Amino acid sequence: MARSNRRVVPESRQMLDQMKYEIAAEFGLNVGYGQSALAGANTEFGSELGAISDHSYGQYKGWGHLTSRENGSVGGEITKRLIRQAEKQLL
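All letters in the sequence shown, in the order written, are residues 135 to 225 by my numbering.
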């Protein structure tokens with residue numbers, strides 16, 4: 135069976151994109167997009183989570199220069215946060 139990446143709620147795209155870039159900033163990953171909007175993002179715990187890399191990403195924009203592990207850590211954190219939010223709503 136083929137997988138589908140269709141969103142159940144298409145309007146959620148902007149919220150998910152914002153969450154993705156906020157998490158990347160928290161992890162210390164420079165994706166070069168939306169940095170002005172994320173200037174106040176909390177990056178305090180990035181090194182504790184093991185997601186900060188020793189690479190210098192100053193000249194890069196986008197996600198292509200990141201490792202699979204770095205990209206996966208962002209996706210995993212999105213999933214954790216969405217599950218946490220859903221659990222809170224059930225209580």
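Glycine included, each C-beta is placed from N, C-alpha and C at the ideal position. Owing to the predicted nature of the structure, the values given are computational and were not obtained by experimental measurement.
Following the DSSP letters along the chain, one finds residue 218 inside the alpha helix (DSSP H) bounded by residues 202 to 224.
Put simply, the backbone Cα of residue 198 is about 9 Å away from that of residue 205. Your pair residue 212 and residue 154 checks out as a contact, with CB atoms roughly 6 Å apart and the cut at 8 Å. C-alpha of residue 207 to C-alpha of residue 225: approximately 27 Å in a straight line.
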